[in-house]
Amino acid sequence: MVEKVLEVKSLRTVFSTEGGELRAVDDVSFSVSAGKTLGIVGESGCGKSVTSLSIMRLIPRPSGSIESGQILYRGQDLLGLSSEEMRRIRGNEISMIFQEPMTSLNPVFTIGYQVSEAIVLHQRLTLRDARSRAIEMFELVGIPSPAKRVDEYPHQLSGGMRQRVMIAMALACHPKVLIADEPTTALDVTVQAQILDLLRDLQQKVGMALILITHDLGVVAEVADDVVVMYAGRVVEQGSVKEIFKNPKMPYTRGLLRSSPTLTLDSGGRLRRGRLETIPGIVPSLLSLPKGCRFQDRCSSVLEACRGNEPELRLISSDSDSRHLIRCVRDI
Amino acid sequence: MLFYIVRKLLATVPTLFGVALIVFVLFNMVGGDPTYQMLGRHASEQQIQEVRHEYGFDQPKPVQFLTYLKQIATFDYGRSFATRQPISQMILEGAGPSLSLMIPAFLITTILSVGIGLLVAYFKGRSLDRFVVVVCVFGMSVPMLAYILFGQYFLAYRWGWFPISGYESTWPDRIQYILMPMLIFVIVSLGYDVRFYRAAILEETTQDYVRTARAKGLSEFEVFFRHVLKNSMVPILTNIVLEIPLLILGAFLLESFFGIPGLGSITIDAVNNSDFPVIKAMTTLVSFLYILGNLATDILYVVVDPRVRLK
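Line order of the protein sequences matches chains A and B.
Residues 401 to 732, numbered by my numbering, are exactly what the first sequence covers, in order.
Residues 3 to 313, numbered by my numbering, are exactly what the second sequence covers, in order.
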């Protein structure tokens with residue numbers, strides 16, 4: 401049994417808004433082991449980013465707070481730590497990359513300084529030593545001529561380069577867990593592939609656990625070992641990538657899979673265009689959720705039972721290393 | 003860097019010229035003939051001609067403009083209508099009292115308002131922040147005149163803490179006369195400035211890089227005083243420099259109420275006496291100070307914001 405580095409149990413994160421209290425993350429559980437990748441997928445507004453910010457305990461206060469649950473990092477509940485202790489975890493044991501490389505770096509400090517800052521903070525190196533470490537990290541993440549680049553400012557770099565800087569910063573202290581929140585969304589397609597390859601390479605090298613948050617199922621299929629599908633703050637389907645892509649059960653997951661563009665060649669070598677489908681409607685407001693299943697209004701195979709009580713997450717199959725869970729009344 | 007400064011300096015030349023042209027048009031062409039204002043309606047034709055000749059009003063307009071430009075360049079604005087003193091000498095004499103009031107007043111205001119702005123932004127939403135914001139709004143809402151009257155009646159007349167008004171040109175005697183107007187200036191400016199700096203700093207705290215800095219494991223203190231502060235320097239500096247020329251305007255009221263013979267008093271007296279050359283000299287001076295202030299901000303931007311250099 402591989403060690404579970406991070407285990408999230410029944411996490412519930414709420415925000416108080418003018419319209420009332422909304423549960424952005426509602427009873428979410430998952431775990432990730434060293435060297436493995438967990439993909440969290442779902443449309444915008446499903447609670448993916450809030451989940452990751454909850455793990456970092458960076459939920460904007462005072463409007464947001466973690467109401468209940470546990471976040472166990474190597475068996476220790478992060479929610480019980482003092483803010484001082486939590487700071488020693490952030491950027492050191494658990495790091496995070498954000499989806500906006502253009503704005504996530506501080507414009508008035510050199511990239512070298514921004515990476516060194518984390519190193520100085522957690523590894524107690526001098527600024528000079530941290531700088532050489534930063535150059536090594538830039539080399540590692542594939543920034544050309546890092547010794548020259550180290551003194552440049554973020555505005556002198558392209559989006560892809562900035563995201564590499566973010567990755568270098570996140571990995572500078574060899575974290576055990578890396579949370580990547582849509583790391584490639586803001587980048588060109590060609591750069592996306594480079595960044596994903598880079599993340600995968602680095603993960604193999606240092607053996608960390610990776611939580612990859614994305615709405616791109618193609619990325620998940622390629623990179624992840626396990627998947628959590630989220631909808632309106634809930635986990636609606638969970639299991640290994642192999643199982644979920646081969647055998648998706650929840651209509652929402654199926655819808656997501658069908659709305660991924662596929663490009664394949666037919667036997668004659670011509671491009672075959674699969675018809676791109678969409679899931680009608682949008683994610684409901686968390687303030688006015690329907691009674692019963694939260695996906696009912698957009699579901700193509702909705703039943704009367706879907707409008708009753710909200711279905712529980714239930715186990716439908718399991719093998720040695722993964723359990724397939726769905727939140728759906730239908731017996732598919 | 004040097005190239006940038008030289009370029010910015012050269013760019014101010016047309017602006018300065020334009021301002022001079024506008025001032026000239028307003029005063030020498032739109033404003034009418036000031037000799038009548040000066041001499042009154044019973045002056046003889048010969049007197050009028052003499053004055054017109056002395057001030058150059060009999061010259062063609064382009065020549066008058068060149069004379070004006072020469073005045074600016076040599077800082078020699080001729081003599082006042084009212085006092086017959088050389089204007090440049092009046093300005094130099096008035097600058098001393100004005101600066102000894104405004105420099106400490108401005109420094110105290112800036113240090114206090116940036117400091118309080120940082121403090122309340124750091125404690126945003128807590129009771130300290132709310133309290134300060136309410137006090138600021140109150141302070142902004144009361145006009146300066148109310149503070150002046152209150153100060154002169156209670157602090158000076160009733161309680162005798164300060165002299166009611168007056169001035170002494172020797173040090174340290176002038177300090178006692180400066181204290182109350184300085185205090186009033188600080189109180190009046192603080193409300194607006196604290197709110198401005200608080201907003202400028204809070205604007206920065208919502209940026210994505212702040213989240214990155216937190217995710218790195220930095221303490222709130224480090225995030226705030228290292229990452230946020232350096233980014234909010236641009237709006238803070240802009241506000242500081244833009245206020246410098248207004249200092250002279252702010253001093254108008256204070257100087258005349260407290261009998262301080264500074265530039266503000268000179269200007270108000272000149273306006274009351276229709277002292278045309280003095281008003282023109284003061285207008286020119288304030289406009290030029292404003293432009294130079296802007297130039298100084300442009301140069302300071304380079305120091306605080308690395309993105310400026312490339313543009």
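Heads up, the beta-carbon is just placed ideally off N, CA and C, and yes, glycines get one too.
Residues sharing a beta bridge with residue i, DSSP
| i | result |
| --- | --- |
| A/Ala-609 | A/Val-577 |
| A/Tyr-631 | A/Arg-634 |
| A/Phe-415 | A/Leu-422, A/Gly-464 |
| B/Arg-81 | B/Pro-88 |
| A/Arg-490 | A/Ile-494 |
| A/Asp-626 | A/Leu-438, A/Ser-640 |
Cα-Cα separation between residue i and residue j, rounded to whole angstroms
| i | j | result |
| --- | --- | --- |
| A/Ile-726 | A/Val-702 | 15 angstroms |
| A/Arg-436 | A/Asp-625 | Looking at the sequence shown, residue 436 of chain A is not Arg but Lys. For A/Lys-436 and A/Asp-625, the distance between alpha carbons rounds to 6 angstroms. |
| B/Leu-151 | B/Val-139 | 20 angstroms |
| B/Phe-133 | B/Val-122 | 9 angstroms |
| A/Leu-613 | A/Ser-449 | The amino acid at residue 613 of chain A is misidentified as Leu; the sequence shows Ile. About 7 angstroms. |
| B/Met-235 | B/Leu-249 | 21 angstroms |
| A/Leu-617 | A/Pro-651 | 15 angstroms |
| A/Leu-438 | A/Ala-586 | 21 angstroms |
| A/Leu-478 | B/Leu-239 | 41 angstroms |
| B/Gly-20 | B/Val-65 | 17 angstroms |
| B/Leu-28 | B/Leu-181 | 37 angstroms |
| A/Gly-692 | A/Ala-424 | 17 angstroms |
| B/Leu-94 | B/Leu-192 | 29 angstroms |
| B/Ser-100 | B/Val-25 | 23 angstroms |
| B/Leu-291 | B/Gly-219 | 45 angstroms |
| B/Gly-117 | B/Asp-131 | 13 angstroms |
| B/Gly-96 | B/Glu-56 | 25 angstroms |
| B/Leu-11 | B/Val-273 | 33 angstroms |
| B/Tyr-149 | B/Ile-262 | 17 angstroms |
| A/Ser-372 | A/Arg-723 | Here chain A has residues from 401 to 732 only, and residue 372 of chain A is not among them. |
| A/Asp-529 | A/Ser-660 | 46 angstroms |
| A/Val-641 | A/Ala-547 | 40 angstroms |
| A/Val-683 | A/Cys-446 | 7 angstroms |
| A/Pro-711 | A/Phe-695 | 11 angstroms |
| B/Ser-90 | B/Met-31 | 23 angstroms |
Min CB distance residue i to chain A below 8 angstroms
| i | result |
| --- | --- |
| B/Tyr-6 | no |
| B/Leu-220 | yes |
| B/Thr-240 | no |
| B/Arg-132 | no |
| B/Pro-106 | no |
| B/Asp-60 | no |
| B/Tyr-211 | yes |
Limits of the unbroken beta strand (DSSP E) element including residue i
| i | result |
| --- | --- |
| A/Ala-424 | 420 to 433 |
| A/Tyr-473 | 464 to 473 |
| A/Thr-437 | 437 to 441 |
| A/Ile-726 | 723 to 726 |
| A/Arg-694 | From DSSP, A/Arg-694 is part of no beta strand (DSSP E); its letter is neither H nor E. |
| A/Arg-714 | 714 to 718 |
| A/Ser-495 | 494 to 497 |
Presumed contact (8 angstroms Cβ cut-off) between residue i and residue j, rounded CB distance
| i | j | result |
| --- | --- | --- |
| B/Phe-260 | B/Tyr-179 | 7 angstroms |
| A/Met-502 | A/Arg-562 | 7 angstroms |
| A/Ile-535 | A/Val-550 | 5 angstroms |
| A/Ser-429 | A/Ser-410 | 6 angstroms |
| A/Leu-689 | A/Ala-632 | 7 angstroms |
| A/Ala-621 | A/Cys-573 | Incorrect: roughly 30 angstroms between the Cβ atoms, too far for contact. |
| A/Asp-588 | A/Gln-499 | Not a contact, Cβ separation roughly 14 angstroms. |
| B/Leu-71 | B/Ala-22 | 6 angstroms |
Run of the alpha helix (DSSP H) containing residue i, from where it starts to where it stops
| i | result |
| --- | --- |
| B/Leu-18 | 4 to 26 |
| B/Val-196 | 175 to 207 |
| B/Ser-267 | 265 to 274 |
| B/His-55 | 47 to 57 |
| A/Tyr-553 | Element bounds for A/Tyr-553: n/a, residue is neither H nor E. |
| A/Glu-517 | 511 to 523 |
| B/Asp-60 | Where B/Asp-60 is concerned, there is no enclosing alpha helix (DSSP H), given that its DSSP letter is neither H nor E. |
| B/Lys-126 | Run containing B/Lys-126: none; DSSP gives neither H nor E here. |
| A/Lys-642 | 641 to 646 |
| B/Pro-279 | 278 to 306 |
| B/Asp-210 | 210 to 217 |
| B/Asp-35 | Neither: B/Asp-35 is in no alpha helix (DSSP H) and is coded neither H nor E. |
Below-8 angstroms beta-carbon distance, residue i vs any chain B residue
| i | result |
| --- | --- |
| A/Thr-503 | yes |
| A/Val-550 | no |
| A/Arg-564 | no |
| A/His-555 | yes |
| A/Arg-488 | yes |
Against chain D: residues of the stretch 498 to 524 of chain A by CB proximity under 7 angstroms: The structure shown contains no chain D; the protein chains it does contain are A and B.
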